[in-house]
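For the sequence shown, the residue numbers in the working numbering are 35 to 223.
Shown next, in structure tokens, is the structure this report addresses.
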Amino acid sequence: MSAVHAARDPLDRFFNEVLTFKASFDQVVLDEALNTIQESSGTLYIQRPNRFRWDYVMPFKQEIVSDGKQIWVYDVDLQQVTVRKMDGALGNTPAILLAGKGKLGDNFSVKSLGKQGKLEWIKMIPKEKDGGFEDIRVGFENGKIRKLEMIDTFGQTTRITLRDNRENKSISKKTFTFVPPKGVDVVRQ
């Protein structure tokens, strides 16, 4: 088995065998000079294919929910919901890694970066440059996804640390259903 294929094993396993996933997350966004410009945290839920929910609780409440057909972004403080169709929305974005199904090789070139500390790192470079990201790095510890690092086309880096991971455990279908609260503005794109 080649070194690249061996390193891809945890990525392929996560992408092809993990059907549901729940984790708490901490997210840091850095500018080009690696200065922190935003910190946030919350809980992530995934049910393949194409169902996910990001519940941000800090610094402000936001819900990003996909039922597989539409993506709802609810900014609680703004009392606004943005809705768009799911068709092709995942494409070359990091969300396809977490919620997509199929072959990663269709959308990304994958390369092993080797072990750094406790994590085995894999770099994914989008084949199409329309996803807004230059590359995505995924860190695994003992075969479990622990970190995501994404560099966008503006040079910003987003680092997501996952903890309390639960794979292939039942998640209620209601988790991936969004009903706009009364009185909020709904913007359809």
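We put the CB at the ideal spot given by N, CA and C, even for glycine.
Note that the structure is a prediction, hence the values are computed from the model and not measured.
Three-state class that DSSP yields for residue i in the structure shown
i	result
residue 69	coil
residue 50	helix
residue 39	Low confidence applies here, because residue 39 scores a pLDDT of 49, under 50, leaving its location unreliable; read the following figure in that light. DSSP places residue 39 in helix when its eight states are reduced to three.
residue 139	helix
residue 152	coil
residue 163	coil
residue 103	coil
residue 208	helix
residue 126	At residue 126, the pLDDT of 49 sits below 50, so the modelled position is not reliable; the number obtained from the coordinates is stated separately. Here residue 126 sits in coil by DSSP.
For residue i, the residue or residues it bridges with in DSSP
i	result
residue 171	157, 183
residue 97	89, 108
residue 80	55, 86
residue 224	Any question about residue 224 goes unanswered here, given that the chain covers just 35 to 223.
residue 60	75, 195
residue 178	175
residue 203	In DSSP, residue 203 forms no bridge with anything.
residue 213	Answer is none; residue 213 lacks a bridge partner.
is_contact[residue i, chain D] using C-beta, thresh 8 Å
i	result
residue 59	You won't find chain D in this structure, because it holds only one protein chain.
Check whether residue i and residue j have beta carbons under 8 Å apart
i	j	result
residue 49	residue 153	no
residue 202	residue 54	yes
residue 210	residue 101	yes
residue 68	residue 156	no
residue 81	residue 219	no
residue 171	residue 147	yes
Nearest-angstrom Cβ-Cβ length linking residue i and residue j, presumed shorter than 8 Å
i	j	result
residue 120	residue 104	6 Å
residue 168	residue 185	5 Å
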